[in-house]
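See below for the structure under consideration.
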Amino acid sequence: MTKTKRILSLILTVVMMMCIIPMASFAEELPSNGWYNWGDDTFPVWSYFQDGEMVKDKWIKTGKKWYYLDDSGLMAANRGVIDGSKAYFVGKDGAMVTKTGWISVKTTFKDELGPETVTFWYYLKSGGVCTTGWKKIGGKWYYFYPAVEENEYTAGMMVNYSREIINDKVYVFNSDGSLVTKKGWIKLSYEGQSEWYYVKKDGVAATGWKKLAGKWFYFLDFGPMVYDCTMEIDGLNYDFDENGVCTTPEGYEDLVE
């Protein structure tokens, strides 16, 4: 399981656990109006009632703050919330964050692979709106996931992995989340393993065949260089040494140029 899929899976697991809590609590007396906590002080799960009905898929304002109740009637917290074509950030208390600039969320996940603490970053514009897409901040380029329903729980979140496929291109990012803009070789650690990439202009990683300094290299569709193996490519076997150089006998150039 890749790091991206693992984190998304863990997020969805937490969400599913939250969704089943009300099923075990209907026997309790519910309020006609106001907040109700299905959980406890350690793991609060809030809903809001109006005229005896649970509010769902709607923003509500209590006091001077705005909160979002999802389509299950549970309050969103510590994430982006999609509203139309925009994403808004709600904090740990569920209230919409209206200040501008960087916002971070640190979460520790535990699963069969052990605990892992991950920090998610957002960049807020005025009115609590999350930046989405490409954004140049402090002279560096960053990418924030778009507000699309199929990836609801990553809306507005900054890419915090060493590589990401965006619009069918592989982009390489530094450890601070900024786009790598220097052309040339770069070594990254991904899933605990070292991988080599060749970054072209605009932070895009090479894929497929690439001739460098008179030698042929092959890069997988998601960016890393192939090395120290024999690989079948387009029906033919090619040998690569420990440095990634293709050592197949002369003649293979005709197949790839």
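At position 124 of the sequence shown the residue is numbered 124 (the numbering used here), and the sequence of numbers has no breaks.
Even for Gly, the Cβ is constructed at its ideal location relative to N, Cα and C.
Beta-carbon spacing of Trp185, Trp196 below 9 Å: Residue 185 sits at position 185 when you count from the first residue of the sequence shown. Residue 196 sits at position 196 when you count from the first residue of the sequence shown. Yes. Within cutoff.
Whole-angstrom C-beta distance between Gly101 and Phe89, which should lie under 8 Å: Working through the sequence shown from its first residue, we reach residue 89 at position 89. Working through the sequence shown from its first residue, we reach residue 101 at position 101. Not quite, the Cβ-Cβ distance comes to about 11 Å (not below 8 Å), so this is no contact.
Among Thr154, Thr107, Val118 and Thr119, nearest to Cys130 - alpha-carbon criterion: On the sequence shown, position 130 is the one that residue 130 refers to. Closest by alpha carbon: Thr154.
Helix, strand or coil at Lys200 [DSSP, three-state]: Locating residue 200 in the sequence shown gives position 200, counting from the first residue. Coil, per DSSP.
Cβ-based neighbour list, Lys56, same chain, cut-off 8 Å, excluding 5 preceding and 5 following: Here the question's residue 56 lines up with position 56 in the sequence shown. Leu69, Asp70, Asp71, Ser72 and Gly73, listed in sequence order.
Burial state of Gly223, where buried means 16 or more other Cβ atoms lie within 10 Å: Here the question's residue 223 lines up with position 223 in the sequence shown. Buried is the label assigned to Gly223, since at least 16 other Cβ atoms lie within 10 Å of its Cβ.
Endpoints, the beta strand (DSSP E) within which Phe49 is located: To locate residue 49, count along the sequence shown from 1; it is residue 49. That run of the beta strand (DSSP E) goes Trp46 to Gln50.
Nearest-angstrom Cβ-Cβ length linking Val245 and Phe217, presumed shorter than 8 Å: For the purposes of this step, residue 245 is taken as residue 245 along the sequence shown, with counting starting at 1. For the purposes of this step, residue 217 is taken as residue 217 along the sequence shown, with counting starting at 1. The distance from the Cβ of Val245 to that of Phe217 is about 7 Å, consistent with a contact at the 8 Å cut-off.
Val90, DSSP secondary structure in three states: By one-based count along the sequence shown, residue 90 stands at place 90. Strand, per DSSP.
Length of the line joining the Cα atoms of Val118 and Thr108: As a working note, residue 118 is residue 118 in the sequence shown. As a working note, residue 108 is residue 108 in the sequence shown. Their backbone Cα atoms lie some 6 Å apart in a straight line.
Environment of Ser126 [buried if 16+ CB atoms lie within 10 Å]: Numbered from 1 along the sequence shown, position 126 holds the residue referred to as residue 126. With fewer than 16 other Cβ atoms inside 10 Å of its own Cβ, Ser126 counts as exposed.
Cα-Cα separation between Asp241 and Asp40, rounded to whole angstroms: In the sequence shown, counting from the first residue as 1, residue 241 sits at position 241. In the sequence shown, counting from the first residue as 1, residue 40 sits at position 40. Between Asp241 and Asp40, the C-alpha separation is close to 58 Å.
Cβ neighbour criterion (16 or more within 10 Å) applied to Gly203: On the sequence shown, position 203 is the one that residue 203 refers to. Residue environment analysis places Gly203 among the buried positions, since at least 16 neighbouring C-beta atoms fall within 10 angstroms of its C-beta.
Extent of the continuous beta strand (DSSP E) to which Glu150 belongs: In the sequence shown, the residue the question calls residue 150 occupies position 150. Careful: Glu150 lies outside any beta strand (DSSP E) and carries neither H nor E.
Beta-carbon proximity list for Val170, same chain, < 7 Å, skipping 5 on both sides: Numbered from 1 along the sequence shown, position 170 holds the residue referred to as residue 170. So the list reads Arg163, Val204, Ala205, Thr207, Phe222 and Gly223, once near-sequence residues are dropped.
Coarse secondary structure for Ser126, derived from DSSP in three states: What you label residue 126 is simply residue 126 of the sequence shown in a count that begins at 1. In this structure, Ser126 counts as helix in the three-state DSSP scheme.
Paired residues, beta bridge with Trp38 - DSSP: Reading the sequence shown from its first residue, position 38 is the one you call residue 38. DSSP lists no bridge partner for Trp38.
Close-in-space but distant-in-sequence residues of the same chain around Ser194 (CB under 8 Å, 5 per side omitted): Walking along the sequence shown from the start, residue 194 turns up at place 194. Closer than 8 Å at Cβ, skipping near neighbours: Lys187 and Leu188.
Beta carbon of Phe120 nearer than 9 Å to that of Val105: Stepping through the sequence shown from its first residue, residue 120 is reached at position 120. Stepping through the sequence shown from its first residue, residue 105 is reached at position 105. Going by C-beta atoms, Phe120 is nearer than 9 Å to Val105.
Residue from Ala76, Trp35 and Pro146 whose Cα sits closest to the Cα of Gly258: Outside the shown range of the chain, which is 1 to 257, sits residue 258, and nothing can be said about it.
DSSP three-state assignment for Thr131, whether helix, strand or coil: Mapped onto the sequence shown, residue 131 falls at position 131. Looking at Thr131 - three-state DSSP - the assignment turns out to be coil, as it is neither helix nor strand.
Close-in-space but distant-in-sequence residues of the same chain around Asp239 (CB under 6 Å, 5 per side omitted): The count along the sequence shown starts at 1 and reaches residue 239 at position 239. Closer than 6 Å at the Cβ level, and outside the excluded window around Asp239, lie Thr230, Thr247 and Thr248.
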